[in-house]
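Notes to accompany the following structure.
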Amino acid sequence: MFFKEIGWVDELGSGVRNIYKYNKIYSGADPEFIEGDVFKTIIPLIPQTREHDSEHDSEHDEIQDNTAKILEFCKDPKTRVEIQEFLDIKSRSYLGQKILSPLIKGGLLKLSISDKPTSKYQKCYSNK
9 MFFKEIGWVD ELGSGVRNIY KYNKIYSGAD PEFIEGDVFK TIIPLIPQTR
59 EHDSEHDSEH DEIQDNTAKI LEFCKDPKTR VEIQEFLDIK SRSYLGQKIL
109 SPLIKGGLLK LSISDKPTSK YQKCYSNK
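Counting in the numbering used here, the sequence shown runs from 9 upward without gaps.
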C-alpha cells in the first residue's frame, strides 16, 4: 500500500519481486507477505538516522517553526529587515534563500510590489 500510494509499484511494474527489492533498499528490512483468504503485505518502516539527517532535521524544524511565526507576524506587511529582526537571524542571505524564498514560491507569503521583488520598498505579507 505504501509504495502504491507513492507511485513506485505501478511505475516499476507491480509484483512481489519489486516490493521486496525496493523495500529492502529504502527501509532496510524485508517485507512480509501473508497468503490466505486475503493476501497481505507488511511493509516495515525502520527509521534510519545518521548524523547528517539529525543536523538537517534540526534546520528543517527551525525553518518550520519560523514559518508559523512569520505568517502570523506578516499579517500586516513587513520589510525583510523587520522580519530578520523579529526572527533574530543574522544572515540576510539565509533569511532570503532558506526562509522567505520558499514561502513566497509556495504562495504562503505575497510581495507588496510583485513586479519588483528586489525593490528596497518591498514588503511581505501573509493571507493567514
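Every residue gets a Cβ at the ideal spot worked out from N, C-alpha and C, and that includes glycine. Just so it is clear, the structure is predicted and the values come from calculations on it, not from any experiment.
Quiz item: What are the boundary residues of the beta strand (DSSP E) that S134 is part of?
Solution: For S134, the uninterrupted beta strand (DSSP E) run begins and ends at C132 to S134, by DSSP.
Quiz item: With C132 and K86 assumed to form a contact (beta carbons below 8 Å), what rounded beta-carbon distance in angstroms separates them?
Solution: With 8 Å as the limit, C132 and K86 qualify as a contact, their Cβ atoms being about 6 Å apart.
Self-check item: Closest residue to G104 among V46, I91 and P52 (Cα-Cα distance)
Solution: Closest by alpha carbon: I91.
Quiz prompt | Where the alpha helix (DSSP H) through F94 begins and ends | solution = In the DSSP assignment, F94 falls within the unbroken alpha helix (DSSP H) covering R88 to L95.
Quiz item: Thinking C-alpha only, which one of G115, K113 and R88 is nearest Y102?
Solution: When C-alpha distances from Y102 are compared across G115, K113 and R88, the shortest belongs to R88.
Quiz item: When the Cα atoms are used, what is the spatial distance from P5 to A76?
Solution: Residue 5 lies beyond the stretch modelled for the chain, which goes from 9 to 136, so this question has no answer here.
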